[in-house]
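Numbering (my numbering), first residue to last: 396 to 574. See below for the structure under consideration.
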Amino acid sequence: AVGSPEASNAAAHEAIHGGQHALRITFDQATLNGMDPPDAHPGEVGLCGLSLSTRQDFDTAFKGIDPSETPLHLSTRCSGLGLAALFFNWLQAAGHNPADAKGSFAADPLADLASLGRLPTNMEALFNEQFALADYCIRQAPQFQALGVSTLPYHMAGASAVDELASALASGSLYLDEM
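See the structure below:
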């Protein structure tokens with residue numbers, strides 16, 4: 396399957412051996428919703444991203460990949476706390492020191508709101524999750540970023556470069572103000 400941990404691992408190793416120095420991992424809708432594949436709605440598993448629901452899935456997807464050498468940028472969309480918990484559990488179980496891991500979760504609730512027109516919960520709850528994750532990263536995984544700012548929804552809607560820059564600055568400013 397396109398979004399299987401095995402297929403993702405093979406693609407990651409091919410990219411690394413081809414000279415890629417970092418990996419950007421997108422997840423399927425079931426993973427982003429925190430659902431196990433058998434419980435997900437039809438069409439949510441494996442499409443448009445990697446499907447993960449257990450630490451064993453992480454073991455398979457990232458087998459042979461050292462996150463201290465190859466930064467992992469995990470696109471967690473509006474909330475990265477659940478995936479981050481699985482990720483850090485995998486890091487420790489695989490013998491990797493979280494302080495040495497490089498990458499990001501790139502959680503950006505405002506970009507999700509702009510692209511989807513809705514969020515799975517209220518903004519305050521998402522901010523609280525992201526700030527808890529940011530605090531953890533600062534203390535335990537300082538080379539891993541919890542938050543990101545994406546201008547892609549604005550770009551896809553036809554925004555100019557100035558509009559995109561303004562949205563990025565406004566989003567970043569709001570995140571810093573809320574912290």
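We put the CB at the ideal spot given by N, CA and C, even for glycine.
Look at the Cβ atom of Gly398, then the Cβ atom of Val440, and state whether they are nearer than 8 angstroms.
One thing to note: Gly398 has its Cβ within 8 angstroms of the Cβ of Val440.
Quick one: residues in its chain with C-beta nearer than 8 angstroms to the C-beta of Leu447, no 5 flanking neighbours on either side, listed in chain order?
Cβ neighbours of Leu447 beyond the five flanking positions: Pro400, Phe422, Thr426, Phe453, Ala456, Leu478, Leu481.
Arg419 by DSSP, collapsed to three states: which one?
In this structure, Arg419 counts as strand in the three-state DSSP scheme.
For Phe457, three-class secondary structure by DSSP:
The DSSP-derived three-state label of Phe457 is coil.
Exposed or buried, which one is Cys473 when buried takes at least 16 other CB atoms within 10 Å?
Cys473 is buried by the Cβ-count criterion.
Counting along the chain, where does the alpha helix (DSSP H) carrying Gln540 start and finish?
According to the DSSP assignment, Gln540 belongs to no alpha helix (DSSP H) but to the beta strand (DSSP E) extending over 539-542.
Looking only at C-alpha atoms, which of Pro515, Gly490, Asn492 sits nearest to Asp503?
Per the Cα distances, Pro515.
Alpha carbon of Leu524 to alpha carbon of Tyr531, nearest angstrom
Note on residue identity: the sequence assigns Glu, not Leu, to residue 524. Roughly 11 angstroms separates the two Cα atoms.
Please confirm whether Ala501 and Ser470 have their CB atoms less than 8 angstroms apart.
Remark: C-beta atoms of Ala501 and Ser470 approach each other more closely than 8 angstroms.
Measure how close the beta-carbons of Ala407 and Ile460 come, nearest whole angstrom, since I'm counting them as under 8 angstroms.
Taking the Cβ atoms as the reference, Ala407 lies roughly 6 angstroms from Ile460, within the contact range of under 8 angstroms.
Alpha-carbon spacing of Ala509 relative to Leu467, whole angstroms
Looking at the two C-alpha atoms, the distance is approximately 25 angstroms.
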